[in-house]
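The sequence shown begins at 1 in the UniProt record's numbering and counts up by one.
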Amino acid sequence: MLDNLGASLKDAVKKLAGKTVIDREHVLRIVYQELVRMMGTPGEVTLGPQTILMAGLQGSGKTTTTAKLARYFQRKGLRVGVICADTFRPGAYDQLKTLCDRIGVACFGDPNESDAIKIVREGPRGGTPLRRT
Numbered sequence: 001m002l003d004n005l006g007a008s009l010k011d012a013v014k015k016l017a018g019k020t021v022i023d024r025e026h027v028l029r030i031v032y033q034e035l036v037r038m039m040g041t042p043g044e045v046t047l048g049p050q051t052i053l054m055a056g057l058q059g060s061g062k063t064t065t066t067a068k069l070a071r072y073f074q075r076k077g078l079r080v081g082v083i084c085a086d087t088f089r090p091g092a093y094d095q096l097k098t099l100c101d102r103i104g105v106a107c108f109g110d111p112n113e114s115d116a117i118k119i120v121r122e123g124p125r126g127g128t129p130l131r132r133t
């Protein structure tokens with residue numbers, strides 16, 4: 001896909017050859033048009049049961065993004081539950097609990113458990129519900 005984008009942009013730049021001033025907006029427009037062309041027509045997104053794993057570097061916003069996604073799906077009419085399996089960061093459980101409480105989303109986990117796999121396996125079935133909607 002990136003190879004196609006590169007080739008398309010090269011062709012577009014060749015068309016601009018000889019011009020003394022190239023407008024930044026014009027270049028951005030070309031990039032945008034090529035990306036739209038490559039991605040095709042918009043498709044329909046079906047919302048249904050999903051499991052989403054949030055993984056990333058420390059401080060990259062996983063906890064906040066989890067709450068934002070939970071709220072997004074909640075507003076789409078879906079029942080949402082969040083499992084906190086971060087066993088490394090001391091405040092992770094409390095932060096996620098606070099965010100879930102604010103938006104009315106069920107949050108499960110055990111801040112005293114050091115086995116993340118166990119937390120996820122138990123999840124809503126055996127975990128500690130912090131709040132149910």
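Even glycine gets a Cβ: it sits at the ideal position worked out from N, Cα and C.
Measure the Cβ-Cβ separation of residue i and residue j and say whether it is below 8 Å.
| i | j | result |
| --- | --- | --- |
| Thr-66 | Leu-96 | yes |
| Val-31 | Leu-9 | yes |
| Cys-100 | Tyr-93 | no |
| Val-58 | Ile-103 | Checking the displayed sequence, the identity of residue 58 turns out to be Gln instead of Val. Contact flag unset, no. |
Nearest-angstrom Cα distance between residue i and residue j?
| i | j | result |
| --- | --- | --- |
| Glu-25 | Gly-43 | 28 Å |
| Val-105 | Met-39 | 34 Å |
| Thr-51 | Asn-112 | 24 Å |
| Gln-33 | Ala-12 | 11 Å |
| Tyr-72 | Lys-14 | 43 Å |
| Val-36 | Leu-69 | 25 Å |
| Ser-60 | Leu-53 | 14 Å |
| Ile-117 | Pro-90 | 17 Å |
| Pro-49 | Val-27 | 41 Å |
| Asp-115 | Lys-76 | 32 Å |
| Thr-41 | Phe-88 | 42 Å |
So, is residue i buried or exposed, given that buried needs 16 or more other C-beta atoms within 10 angstroms?
| i | result |
| --- | --- |
| Asp-86 | buried |
| Thr-63 | buried |
| Arg-29 | exposed |
| Ala-7 | exposed |
| Val-80 | buried |
| Pro-129 | Residue placement at Pro-129 is poorly supported in this model, since its pLDDT is 47, which falls under 50; the coordinates still yield a value, given next. It is exposed - the Cβ of Pro-129 has fewer than 16 other Cβ atoms within 10 Å. |
Please return the same chain residues whose Cβ sits closer than 8 Å to the Cβ of residue i, not counting the five positions on each side in sequence.
| i | result |
| --- | --- |
| Gly-56 | Lys-62 |
| Thr-98 | none |
| Pro-124 | Gly-81, Ile-83, Ala-106, Phe-108 |
Please list, in chain order, all residues of the same chain as residue i whose beta carbon is under 7 Å from its beta carbon, the five residues on each side excluded.
| i | result |
| --- | --- |
| Ile-119 | Ile-83, Ala-85, Gly-109, Asp-110, Glu-113, Gly-127 |
| Lys-19 | none |
| Leu-78 | Leu-47 |
Whose C-beta lies closer than 6 Å to the C-beta of residue i among residues of the same chain, with five residues either side of it excluded?
| i | result |
| --- | --- |
| Glu-122 | none |
(request) Any chance you could list the beta strand (DSSP E) runs of at least 3 consecutive residues sitting entirely within the UniProt domain "SRP54-type proteins GTP-binding" (49-131), in chain order? (result) Scanning the UniProt domain "SRP54-type proteins GTP-binding" (49-131) for uninterrupted beta strand (DSSP E) segments of 3 residues or longer gives 81-84, 106-109, 128-131, listed from N- to C-terminal end.
(request) Output the residue ranges of the beta strand (DSSP E) runs that lie fully inside the region 6-43 and measure 3 residues or longer, sorted by chain position. (result) If only complete runs of 3 or more residues are kept, the region 6-43 shows no beta strand (DSSP E) anywhere.
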